[in-house]
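Worksheet for the structure shown next.
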Ligand SMILES: NC(=[NH2+])NCCC[C@H](N)C(=O)O
Ligand SMILES: [Mn+2]
Ligand SMILES: [Mn+2]
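Numbering (this note's numbering), first residue to last: 7 to 308.
Listed below in structure tokens is the structure:
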């Protein structure tokens, strides 16, 4: 039987401190453990990782580079802890499920998951999250995790952030509809497998998700799935910090998560960007728990 280890990463440093740090609590309260039990998996809850207060910063450390990559030191502290926890979970034969927190935590999960194995990544998101400190329009690290894990640009020497077993050929982005200029260039130049909402409209969520998994799975030991709740249309998932209209529907999201389960390749996963301060009656957190259940095998009928 599969055992899923839930790891809370309550940070909002990557989203400029806006309340998304309450995500793990909202997702647990939204019924995550019950939903996963309904999927027929065992769960262990490792609790929340310690997230430093900005004020706790080492006084001897350099000043944070505001504007380029805000709160990068705090983000490093969280991601180092998460990377170790993810690696330890895998070593124990369990499946890590990290709860954000903003999407910067993906740096930690990817570096932990791809530490001693070759890993592909399927990125369900409205955004590409491929900015670097030089290209970011916001300075927010939640717009950079994929670039950081791949060691792109200024991240080439950021060892704590790099995911050794992850290569660009095994990254697939699904559901794009808000991509910055430099990100689009990178996608084109490096040949990332990138599926926009137009691709989903034309080909359907099933065909697109299956192809994304094919690309990501080629020659690797397993797949890391990153689920940013802003992947869904804001009608279905209002509780996110950077909503973009025209996202996938509730039904498309479930279909895609059912494919995650069917591929049998899931190695590690994170659910990010649930922000209870922006949500309506915790519905986005509850949706996150339902989608997790589909990804781990819950079906209408067995
Ligand atoms: N994980 C996210 N919600 N990322 C949003 C990123 C938005 C924008 N591309 C930026 O870099 O600032
Ligand atoms: Mn996003
Ligand atoms: Mn994202």
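The beta-carbon is built from N, C-alpha and C at its ideal position, and this holds for glycine as well. All of these numbers come straight from a predicted model, not from anything done at the bench.
- Partner residues in the beta bridge of residue 172, as assigned by DSSP, are 125.
- Residue burial is scored here from C-beta neighbours: residue 207 has fewer than 16 other C-beta atoms within 10 angstroms and is therefore classed as exposed.
- Distance from the CA of residue 128 to the CA of residue 171, rounded to the nearest whole angstrom, comes to 14 Å.
- Check the Cα spacing between residue 243 and each of 77, 74, 192, 280: the tightest is with 280.
- Residue 36 places its beta carbon 7 Å or farther from that of residue 276.
- If you check the CB distance, residue 8 and residue 47 come in under 7 Å.
- By the C-beta density criterion, residue 41 is buried, having at least 16 other C-beta atoms within 10 angstroms.
- Around the Cβ of residue 241, a 10 Å sphere holds fewer than 16 other Cβ atoms; the residue is exposed.
- The shortest CA-to-CA distance from residue 199 to any of 296, 217, 213 is the one to 217.
- Note on residue 143: under 16 other CB atoms within 10 angstroms of its CB, so exposed under the neighbour-count rule.
- For residue 81, no beta strand (DSSP E) encloses it; the enclosing alpha helix (DSSP H) starts and ends at 78-97.
- By DSSP's assignment, residue 51 forms a beta bridge with 12.
- Residue 254 is bridged by DSSP to 238.
- Between ligand 3 and residue 230, a heavy atom-to-CB distance of less than 6 Å is absent.
- A Cβ-Cβ distance of about 6 Å is found for the pair residue 138 and residue 150, placing them in contact under the 8 Å criterion.
- Boundaries of the alpha helix (DSSP H) around residue 203: 203-209.
- Secondary structure of residue 244 (DSSP, three-state): coil.
- For residue 106, there is no enclosing alpha helix (DSSP H); the enclosing beta strand (DSSP E) covers residues 101-106.
- Taking 6 Å as the cut-off, one finds no heavy atom of ligand 2 near enough to the beta carbon of residue 259.
- Beta-carbon to beta-carbon, residue 84 and residue 114 are separated by about 6 Å, close enough to satisfy the 8 Å threshold.
- Counting along the chain, residue 194 sits inside no beta strand (DSSP E); it lies in the alpha helix (DSSP H) bounded by residues 187-196.
- 7 Å or more divides the Cβ of residue 178 from the Cβ of residue 169.
- Remark: fewer than three beta-carbon pairs, one from each stretch, lie closer than 8 Å, so the region 182-193 and the region 103-110 are not flagged as touching.
- For residue 31, the enclosing alpha helix (DSSP H) has its first and last residue at 29-35.
- For ligand 3, residues qualifying as neighbours are 109, 131, 133, 135, 148, 234, 236, 278, 279, where qualification means a beta carbon closer than 7 Å to at least one of its heavy atoms (chain order).
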